[in-house]
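Okay, so here's the structure we're looking at.
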Amino acid sequence: KKQKQKQKQPAAKKKKSEARIYYDAPPPEPIPGDFKGIEVDVEKDLMGKDTDVQKRLRELCKTIPIPSAKFKRAPPHYYDSPLEIRRDILGAPHIDYLCKTMIMRNTKSKAKDCSDRTDSKYYMVVIQYTAKMNKEKLMKIIRGLRTDETKLSKKLINMRVASMEEGVALSGFGHNAVTPVGMTVKIPMIVSHRVLQLPYIWLGGGEVDVKLKISIPDLCRVFDPIIGDLG
């Protein structure tokens, strides 16, 4: 299938007194010629509970396509458990593989929508649970998307986590169930550069108790994220 044209990643900006801001995406993985969709064992992977949401997401993973995608339903105590228990439930090698997707709103932006990723009303941020997002670094990433002549003023950037109502309206998924696949509104994605050290990560999977496994090359190929140092 013909690949869509990727937006050019901002050149890595590095001055003698400044740390690196942007990072390059890994090369895409070849899509298997015989790929006909992701396989799922409803009893083992979804604890015997398949839903219309999961069926729709699997169909999207087939047509996009996302060969590395895997969905797994977690037990009710998942979010009440420490990261080490969640790691074991998902079969991840380390807690660093566990990530969250946050929808952030720029409360100072004059943008009406998310069509311009250099000045979007909302951004989707992917970061590890083991990391803490630095809002100053997030602001630098956004400001650096434009040239010095058109760079946004610091006064026009104030990032806050979107409300539950905003998150549901933008994603089409319930509270705490956000996944980047099949969102209602296409929102620019910003990914922590730290995940580049991993072969894959686990994200939300469209339902509160479902998780999505996706390879880093597939994540970058499909969502064309801005990859930067978030802290």
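Taking my numbering, the leading residue of the sequence shown gets 3, the next gets one more, and so forth.
Quick reminder that beta carbons are idealized off the backbone N, C-alpha and C, glycines included.
Exposure label - Tyr202; buried when at least 16 CB within 10 Å:
Per the 10 Å Cβ criterion, buried.
By how many angstroms is the C-alpha of Gly93 removed from the C-alpha of Arg22?
Rounded to the nearest angstrom, the two C-alpha atoms are 33 Å apart.
Status (buried if at least 16 other CB within 10 Å, exposed otherwise) for Gly206:
Flag for Gly206 reads buried.
Going by beta carbon distance, what residues of the same chain come within less than 6 Å of Ser19, once the five residues before and after it are set aside?
For Ser19, the predicted model reports a pLDDT of 49, less than 50, meaning its position is unreliable; a value from the coordinates is still stated below. Here the set comprises nothing.
Less than 8 Å between the beta carbons of Leu48 and Tyr124, yes or no?
Cβ distance not < 8 Å, so Leu48 and Tyr124 don't count as in contact.
DSSP state of Thr2 mapped onto helix, strand, coil
Summary: the structure shown does not reach residue 2, with the chain confined to residues 3 through 233, and so no result is reported for it.
Cβ shell of Val187 (< 7 Å), same chain only, five flanking positions each side left out:
For Val187, same chain residues with a beta-carbon under 7 Å away, outside a window of 5 residues either side, are Cys116, Leu172 in chain order.
Sequence ranges, beta strand (DSSP E) only - wholly within the stretch 75-152, length at least 3
Qualifying beta strand (DSSP E) stretches, in chain order: 101-108, 124-130.
Contact between the stretch 188-195 and the stretch 123-140 (3+ Cβ pairs under 8 Å):
Yes, the stretch 188-195 touches the stretch 123-140.
So what does DSSP say about Met166, is it helix, strand or coil?
Note: Met166 maps to helix in three-state DSSP.
State the Cα-Cα distance for the pair Leu214 and Ile143, rounded to the nearest angstrom.
Taking the straight line joining both Cα atoms gives about 26 Å.
Can you list, in chain order, the residues of its chain with a C-beta nearer than 7 Å to that of Asn160? Leave out the 5 residues immediately preceding and following it.
Once the five neighbours on either side are set aside, the close Cβ partners of Asn160 are Asn108, Thr109, Lys110.
Cβ contact (3+ pairs, closer than 8 Å) linking the stretch 208-227 and the stretch 70-78
Yes, the stretch 208-227 touches the stretch 70-78.
With distance defined between alpha-carbon atoms, name the residue in Met104, Arg58, Lys156 nearest to Pro190.
The residue from Met104, Arg58, Lys156 with its alpha-carbon nearest to that of Pro190 is Met104.
Does the beta-carbon of Pro201, which I'm using as the reference point, lie nearer than 7 Å to any heavy atom of the ligand ATP?
With respect to the ligand ATP, the structure shown offers nothing to examine, as it has no ligands at all.
Within 8 Å, strictly: CB atoms of Lys139 and Gly233:
Yes, these two residues count as a Cβ contact at 8 Å.
Using the beta-carbon count (16 or more within 10 Å), is Lys51 buried or exposed?
Lys51 comes out exposed.
Using C-beta distances below 6 Å, list every residue in its chain close to Ala164, excluding the 5 sequence neighbours before and after it, in chain order.
Counting only residues of its own chain and dropping the five nearest sequence neighbours on each side, Ala164 has a CB closer than 6 Å to the CB of Ile105, Arg107.
Short check: CB of Arg119 to CB of Leu154, under 8 Å?
No, the Cβ-Cβ distance between Arg119 and Leu154 is not below 8 Å.
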